[in-house]
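For the sequence shown, the positions run 9 to 286 when full-length UniProt numbering is used.
The structure appears right after this line, and notes come after that.
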Amino acid sequence: SLVYLNGEYVRLGDAKVSVLDRGFIFGDGIYEVVPAYGRKPFRMDSHLARLERSLKAIGIKLDMSRADWEKLVRDMLVRASSDDAMVYIQVTRGVAKRDHAFPAKAPKPTVFCMVSPFKRPAAAAREQGLSTVSMPDVRWLHCEIKSVSLLGNVLAKQHAVEAGVDEVIQFRDGFLSEGSSCNIWVVKNGTVLGPVRDNLILEGIRYGFIEELARAAGVPFESRRISREEVEQADELMLTSATKEVLPIVSLDGKPVGNGKPGPVYARLRAGYDKAIA
Ligand code: PDD
Numbered sequence: 009s010l011v012y013l014n015g016e017y018v019r020l021g022d023a024k025v026s027v028l029d030r031g032f033i034f035g036d037g038i039y040e041v042v043p044a045y046g047r048k049p050f051r052m053d054s055h056l057a058r059l060e061r062s063l064k065a066i067g068i069k070l071d072m073s074r075a076d077w078e079k080l081v082r083d084m085l086v087r088a089s090s091d092d093a094m095v096y097i098q099v100t101r102g103v104a105k106r107d108h109a110f111p112a113k114a115p116k117p118t119v120f121c122m123v124s125p126f127k128r129p130a131a132a133a134r135e136q137g138l139s140t141v142s143m144p145d146v147r148w149l150h151c152e153i154k155s156v157s158l159l160g161n162v163l164a165k166q167h168a169v170e171a172g173v174d175e176v177i178q179f180r181d182g183f184l185s186e187g188s189s190c191n192i193w194v195v196k197n198g199t200v201l202g203p204v205r206d207n208l209i210l211e212g213i214r215y216g217f218i219e220e221l222a223r224a225a226g227v228p229f230e231s232r233r234i235s236r237e238e239v240e241q242a243d244e245l246m247l248t249s250a251t252k253e254v255l256p257i258v259s260l261d262g263k264p265v266g267n268g269k270p271g272p273v274y275a276r277l278r279a280g281y282d283k284a285i286a
């Protein structure tokens, strides 16, 4: 399959980046994951707006307009081997002699894009729900940047794998932050609660979407700090991401969430999600 690298479409095996690329040396770059259904990108504008915010946040300047990004995503989807697909975009600061500071003369950023088949969440996950364990959030304080420096997230996901569960729920100073690569939602007394959109979480493109789905379903929605106790005593827990869509969480640290089954608020949001992507 073909990937995009610095303006050219090449075979995956032929796509080569220098070992001095600052993405490789320092994790000095950002990325984006845009889901597509039936070859149509879903919420592309929001994803590209976040891409531009990430670039700005780390001071990478590129001569790619919004229209250029859109064209890249659409060109990749034409090449996709499946109708449901994930478009991955990565931009690093480029190739330079190893020095932590930004190079005095900005190198040409490395722009990479690939498309992979999107295996949507299995019926089992949707109907039976996911298991989780809690862990302290030991990542840095700029989680709002969609950085390729993902060691903290990688170690968090591995913690889930080694615990034999599907995902982790991270807490910082006793308050909910997020999963290893997803946002976490709490339902209590019929209200959907999401953590504050600050520097401690990556605000998913599904954050605003869940808010919209909740309002459309007449379910009250609130963004605020959420204590560990509130998570433990939730009626329902859910997670969202481009790849997981919205899924119910039915256990935390070996204890059932609510009655241990996917709940009614999940079912309503799930129905709204399915309708929006149909
Ligand atoms: N991850 N929080 C983190 C840390 C994430 O990595 C992600 C997404 C999200 C959810 O964001 P969105 O709704 O825009 O997908 C929250 C992507 C899918 C990934 O790293 O592959």
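Positions of the beta carbon are idealized from the N, C-alpha and C atoms, including for glycine.
Spatial distance of residue i from residue j (CA atoms)
i    : j    : result
Q241 : L277 : 20 Å
C151 : L210 : 5 Å
V194 : Y17  : 43 Å
L247 : N191 : 5 Å
F179 : A284 : 31 Å
D91  : Y45  : 6 Å
E40  : N267 : 36 Å
P228 : L221 : 10 Å
L63  : T199 : 35 Å
V162 : K113 : 32 Å
L286 : A279 : Here residue 286 turns out to be Ala, not Leu, going by the sequence shown. For A286 and A279, the distance between alpha carbons rounds to 11 Å.
A88  : I97  : 14 Å
E31  : G226 : Going by the sequence as given, residue 31 is Gly instead of Glu. Approximately 44 Å between the Cα atoms of the pair.
A109 : I68  : 13 Å
N14  : L159 : 25 Å
G202 : F126 : 26 Å
A133 : K105 : 46 Å
R233 : Q136 : 28 Å
I33  : I66  : 16 Å
E186 : A75  : 32 Å
G21  : P264 : 45 Å
V239 : A23  : 44 Å
Residue(s) in a DSSP beta bridge with residue i
i    : result
R19  : L10
C121 : Y12, I97
D29  : V103
I177 : S142
G37  : T100
S73  : Per DSSP, none; premise fails for S73.
S231 : G202
T248 : N191, V254
L184 : F179
P111 : Answer is none; P111 lacks a bridge partner.
A44  : P49, A93
L260 : T140, K263
S155 : I38
K196 : T199
For residue j and residue i, believed in contact at Cβ under 8 Å, the rounded distance
i    : j    : result
L149 : N207 : 6 Å
I38  : I153 : 7 Å
G182 : R236 : 5 Å
A250 : P49  : A250 to P49, Cβ: 11 Å. No contact.
V273 : S231 : With a Cβ gap of about 16 Å, V273 and S231 do not count as contacting.
V99  : S26  : Contact doesn't hold; Cβ gap of about 15 Å is too wide.
E253 : R128 : 7 Å
S124 : A93  : 7 Å
S189 : A168 : Actually they do not touch by this definition, with Cβ atoms about 10 Å apart.
Exercise answer, beta-carbon shell around the ligand PDD heavy atoms below 6 Å: V41, N161, E186, S189, C190, N191, L210, G212, I213, R214, T248, S249, A250, T251
Contact the segment 57-69 vs the segment 81-93: 3+ CB pairs below 8 Å: no
At least three beta-carbon pairs within less than 8 Å, the segment 136-143 to the segment 256-263: yes
Contact between the segment 112-129 and the segment 165-179 (3+ Cβ pairs under 8 Å): no
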